[in-house]
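Chemist: One structure is given below, represented as structure tokens, and several questions about it will come after.
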Amino acid sequence: MTEKPNTHGRRLLGLALRIAPAERREWFAGMAAEFDHVPISARGRFALGCLLAAIRERVISPQSFNAAARGLLIGGAVFWAALNLRFAGRMSTAEALVPEALGYGTALIFAIGALATARYGYRATIALAAPLMAVLALVAIFLRHGSAQAPLANLTIALVVEDLVVLALALAIAAFASRQTRMRQGHP
Amino acid sequence: MPRRANISRQTQSALLALFERPQEWRYGYELMEQTGIASGTLYPMLIRLCDQGHLDARWIPSSREGRPPRHAYRLTPTGLALARSVQSDGLPRADFGKGLAV
Numbered sequence: 000m001t002e003k004p005n006t007h008g009r010r011l012l013g014l015a016l017r018i019a020p021a022e023r024r025e026w027f028a029g030m031a032a033e034f035d036h037v038p039i040s041a042r043g044r045f046a047l048g049c050l051l052a053a054i055r056e057r058v059i060s061p062q063s064f065n066a067a068a069r070g071l072l073i074g075g076a077v078f079w080a081a082l083n084l085r086f087a088g089r090m091s092t093a094e095a096l097v098p099e100a101l102g103y104g105t106a107l108i109f110a111i112g113a114l115a116t117a118r119y120g121y122r123a124t125i126a127l128a129a130p131l132m133a134v135l136a137l138v139a140i141f142l143r144h145g146s147a148q149a150p151l152a153n154l155t156i157a158l159v160v161e162d163l164v165v166l167a168l169a170l171a172i173a174a175f176a177s178r179q180t181r182m183r184q185g186h187p
Numbered sequence: 000m001p002r003r004a005n006i007s008r009q010t011q012s013a014l015l016a017l018f019e020r021p022q023e024w025r026y027g028y029e030l031m032e033q034t035g036i037a038s039g040t041l042y043p044m045l046i047r048l049c050d051q052g053h054l055d056a057r058w059i060p061s062s063r064e065g066r067p068p069r070h071a072y073r074l075t076p077t078g079l080a081l082a083r084s085v086q087s088d089g090l091p092r093a094d095f096g097k098g099l100a101v
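From first to last, the protein sequence lines are chains H and W.
So the first sequence is residues 0 to 187, counted in numbering that gives the first Met the number 0.
So the second sequence is residues 0 to 101, counted in numbering that gives the first Met the number 0.
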């Protein structure tokens, strides 16, 4: 009977050691060593606490935060590219050349953005999004105030504004995540 | 002067427990028993204190034959100053009762 909590406790501790981020392994090895000095009746709770601590450390570790933020940026860019491809396909049947071209162009740019973010991280997101926003803002102003009002100009402006909003969001996420990652790694 | 902002009551309890015998290396379970703080709360707290430079951690050979070394903790000079400021503010003394939760 006395072996049961011990066995379960060791399993929980083993799980905690696997879950804990690499930079905290020594602490969890310390908890595992301490386990032998905990009275048998309290070992289950002790080990469960260690497991909770490991999950907590894993969640707040810079690597997990970085992976989540990058995943959000890359997933968001791929999703937006797919939506634009679908939109461009619909426009091609309606023979609306400008929105169709804008849809394909946006899909291509966001696909490149997703690849660049996966390869180079937040710097790539920021380096691509910031100048692109400036260009799109100029296009929107030109379309709005241009002398020759092209057909479907309002739809095109709406698409450009949508892209601007999405890019601004991506830029904000990348800037925040970059700053947080630096802070979590101990660089102010 | 060490930073005092946002120190939880449990962190204050742990600091005061460590401050009781500042020269000694203390073990995790010993601190749990003394403060009533559960392992799931105590260890992350010790990790944070160590990251902030208030706590030293080291491995100490076990006094019992065949047992693995134990991880032990002691306040650094900045940790001592922090614990002193917690104590001088009359903030909650460590709840030295038992009753450990997860």
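For every residue, glycine included, the Cβ atom is placed at its ideal position computed from N, Cα and C.
Small disclaimer: the values here were computed from a predicted structure and weren't measured.
(1) Out of Leu127(H), Arg9(H), Leu96(H), Ala171(H), which one is the CA nearest neighbour of leucine 151(H)?
(2) Please tell me whether histidine 36(H) has its Cβ less than 8 Å away from any Cβ of chain W.
(3) Pull the bridge partners of alanine 71(W) from the DSSP assignment, please.
(4) Distance check for leucine 51(H) and methionine 182(H), CA to CA, integer angstroms please.
(5) Can the beta-carbon of threonine 180(H) be found less than 8 Å from the beta-carbon of phenylalanine 64(H)?
(6) Would you call the CB atoms of glycine 29(H) and histidine 70(W) closer than 8 Å?
(7) I want to know whether the region 3-16 of chain W touches the region 74-89 of chain W - three or more CB-CB distances under 8 Å.
(8) Note down, in chain order, every chain H residue with its Cβ under 7 Å from the Cβ of proline 43(W).
(9) Using a C-beta to C-beta distance shorter than 9 Å, which residues of chain W count as neighbours of arginine 23(H)?
(10) To which residues of the same chain is leucine 16(H) closer than 6 Å at the C-beta, ignoring the five residues directly before and after it?
(11) When the Cα atoms are used, what is the spatial distance from alanine 123(H) to valine 77(H)?
(12) What residue from Ala169(H), Thr105(H), Leu101(H) has the CA that sits closest to alanine 129(H)'s CA?
(13) Can you check which of these residues, Gln11(W), Arg20(W), Gly27(W), is closest to glycine 59(W) by C-alpha distance?
(14) Buried or exposed, going by whether 16 or more other CB atoms sit within 10 Å of the CB of glutamine 124(W)?
(15) Answer yes or no: the CB of alanine 133(H) versus the heavy atoms of the ligand GTP, is any distance below 7 Å?
(16) Hey, quick one: how far does the alpha helix (DSSP H) through valine 37(H) stretch, first residue to last?
(17) Closer than 8 Å, CB to CB, is phenylalanine 141(H) near chain W or not?
(18) Below 8 Å on the Cβ atoms is my contact criterion, and I expect arginine 66(W) with tryptophan 24(W) to pass it. Report the Cβ-Cβ distance as a whole number of Å.
(19) Which of the three DSSP states, helix, strand or coil, is assigned to glutamate 25(H)?
(20) Please name the residue in Thr6(H), Arg55(H), Asn5(H), Asp35(H) whose C-alpha comes closest to that of isoleucine 18(H).
(21) At a Cβ threshold of 8 Å, is glycine 39(W) touching chain H?
Modeler: For this structure:
(1) The shortest C-alpha separation from leucine 151(H) is found at Leu96(H).
(2) Yes - at least one Cβ of chain W is within 8 Å of the one on histidine 36(H).
(3) Looking at the DSSP assignment, alanine 71(W) forms a beta bridge with Tyr26(W), Arg57(W).
(4) Our two residues, methionine 182(H) and leucine 51(H), have alpha carbons roughly 24 Å apart in a direct line.
(5) In this structure, phenylalanine 64(H) lies closer than 8 Å to threonine 180(H) by Cβ.
(6) Against a cut-off of 8 Å, the Cβ pair of histidine 70(W) and glycine 29(H) comes out as a contact.
(7) Touching, yes.
(8) Chain-order list of chain H residues neighbouring proline 43(W): Ala52, Arg55, Glu56, by C-beta distance under 7 Å.
(9) Annotation: Cβ neighbours of arginine 23(H) in chain W (cutoff 9 Å, chain order): Ile46.
(10) Same-chain partners within the cutoff: Phe27.
(11) Their backbone Cα atoms lie some 15 Å apart in a straight line.
(12) It is Ala169(H) whose Cα lies nearest to the Cα of alanine 129(H).
(13) Contrary to the premise, residue 59(W) reads as isoleucine rather than glycine in this sequence. Comparing Cα-Cα distances from isoleucine 59(W) to each of Gln11(W), Arg20(W), Gly27(W), the minimum goes to Gly27(W).
(14) Examination of residue 124(W) is not possible in this model, given that chain W is present from 0 through 101 alone.
(15) Summarising the ligand content, the structure contains no ligands, and the ligand GTP is consequently not present.
(16) First-last for valine 37(H): undefined, no H or E at that position.
(17) Interface annotation, phenylalanine 141(H): not in contact with chain W, CB-CB separation never under 8 Å.
(18) For a cut-off of 8 Å, the C-beta gap from arginine 66(W) to tryptophan 24(W) is around 16 Å, too long to register as a contact.
(19) Annotated three-state conformation of glutamate 25(H) is helix, per DSSP.
(20) Ranked by how close their Cα comes to the Cα of isoleucine 18(H), the residues Thr6(H), Arg55(H), Asn5(H), Asp35(H) have Arg55(H) in first place.
(21) Yes, its Cβ sits closer than 8 Å to a Cβ of chain H.
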